[in-house]
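Per the numbering used here, residue 92 is the first one in the sequence shown, and the count goes up by one each step. Note that the Cβ used here is the ideal one computed from N, Cα and C, for glycine as well. Everything on this sheet refers to the single structure shown next.
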Amino acid sequence: MSGAVAALPVLYADDTLAVVSKPAGLMVHDSALARGETDFAADRLREQFGKPIFLVHRLDRATSGCLLLAFDRETASALGKILMSGEVAKDYWAVCRGWPAEQRFVVDHPLDGGPGKPLKKPAQTAFEVLATCELSVPSAGFETSRYALLQASPLTGRFRQIRRHLKHLSHHLIGDSSHGDGRHNRNFRMLGIHRMLLHARRLAFVPAHRRAPRRGRAGRCRIRQGAGAVRQTL
């Protein structure tokens, strides 16, 4: 690539599609929310691969991890259908406030489509508690603060689904300025962690024209710093 803009790590690539690791803070594409931003993942990837790219799905600006793209419209359309049908397994790492009561559980709570889209649709997310910790930081009348490292697997694809489901549980995502808890976000900023602790760790699917499953994993990321307070080794 030209200039000082860094290439995105490639987790998987063939002649029709690729999975790359998007860093937190990088917008996927230009939009009304860009507010003067000029650096976008889509532009980087066109230059990086030297050909047109078609984004198959989106990640929030503050979310890091696996981003799926295609190199032609036909593949993009086919992958979009696979995503819509729920045939793509997606796993995220998330750090939340509090300790969930169950080790494994599913949140089944309808969500609207975001601003201007009030119609609520079914939304389900499977969660697994991977680790917990208790920090010596006072919070809401308690002498300590509890946090958990979760694996979140959305079973549907609603707007900010994981973030909003965690808010629904009152286990707010750390670093989430829209749906989180400001007191706990401040606790982590005091630890030097200023990002939202949500990372798209894995995508797995079988393309229609192939028998072998394709997987992309983005395991190394800044979320490890936040998770380090929760789990010693990942």
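The beta strand (DSSP E) that contains residue i, what's its start and end?
i    : result
S168 : From DSSP, S168 is part of no beta strand (DSSP E) but of the alpha helix (DSSP H) over R164 to M175.
K181 : A180 to R188
Q252 : Counting along the chain, Q252 falls outside any beta strand (DSSP E), though it belongs to the alpha helix (DSSP H) covering Q252 to L260.
S112 : L108 to K113
V197 : R195 to D199
L58  : The displayed coordinates of the chain run from 92 to 325. Any statement about residue 58 would go beyond what the structure contains.
H290 : L289 to F296
Can you list, in chain order, the residues of its chain whose CB lies under 6 Å from that of residue i, leaving out five sequence neighbours each side?
i    : result
V198 : T216 and H256
A115 : A153, S155 and R286
G189 : R237 and H262
R293 : D182 and R308
F279 : I265
G204 : F250
Between residue i and chain C, is any beta-carbon pair separated by less than 9 Å?
i    : result
Q194 : Looking for chain C here will not work: only one protein chain is present.
When you compare only the Cα positions, how much space is there between residue i and residue j?
i    : j    : result
F196 : T166 : 34 Å
G232 : L117 : 37 Å
L221 : Y238 : 11 Å
L170 : R135 : 21 Å
R302 : E234 : Its pLDDT being 47, under 50, R302 is placed unreliably by the model, and nothing is read from it.
A320 : T223 : For A320, the predicted model reports a pLDDT of 48, less than 50, meaning its position is unreliable and no value from the coordinates is stated.
L226 : K113 : 30 Å
D151 : Q194 : 27 Å
S244 : R274 : 26 Å
W184 : R164 : 30 Å
D106 : Q139 : 14 Å
K208 : F250 : 10 Å
G271 : E178 : 30 Å
V147 : P229 : 43 Å
R277 : K212 : 33 Å
M175 : R149 : 13 Å
Among the residues of its own chain, which have a CB less than 7 Å from the CB of residue i, if the five just before and after it don't count?
i    : result
D121 : F131
E128 : M118
With which residues is residue i paired in a DSSP beta bridge?
i    : result
M118 : F131
S236 : L226
T154 : Beta-bridge pairing links T154 to no other residue.
Q242 : W184 and E219
F140 : Its beta-bridge partners do not exist; DSSP assigns none.
L264 : C187
Would residue i pass as a contact of residue j if the rule is Cβ separation under 9 Å?
i    : j    : result
L202 : A291 : no
G266 : L288 : yes
A161 : I144 : yes
Q252 : A295 : no
L260 : P191 : yes
By the DSSP assignment, the alpha helix (DSSP H) with residue i in it spans what residues?
i    : result
G273 : G273 to M281
Please return the same chain residues whose Cβ sits closer than 8 Å to the Cβ of residue i, not counting the five positions on each side in sequence.
i    : result
P100 : V111, S112 and A309
K42  : With the chain covering 92 to 325 only, the question about residue 42 has no answer from this structure.
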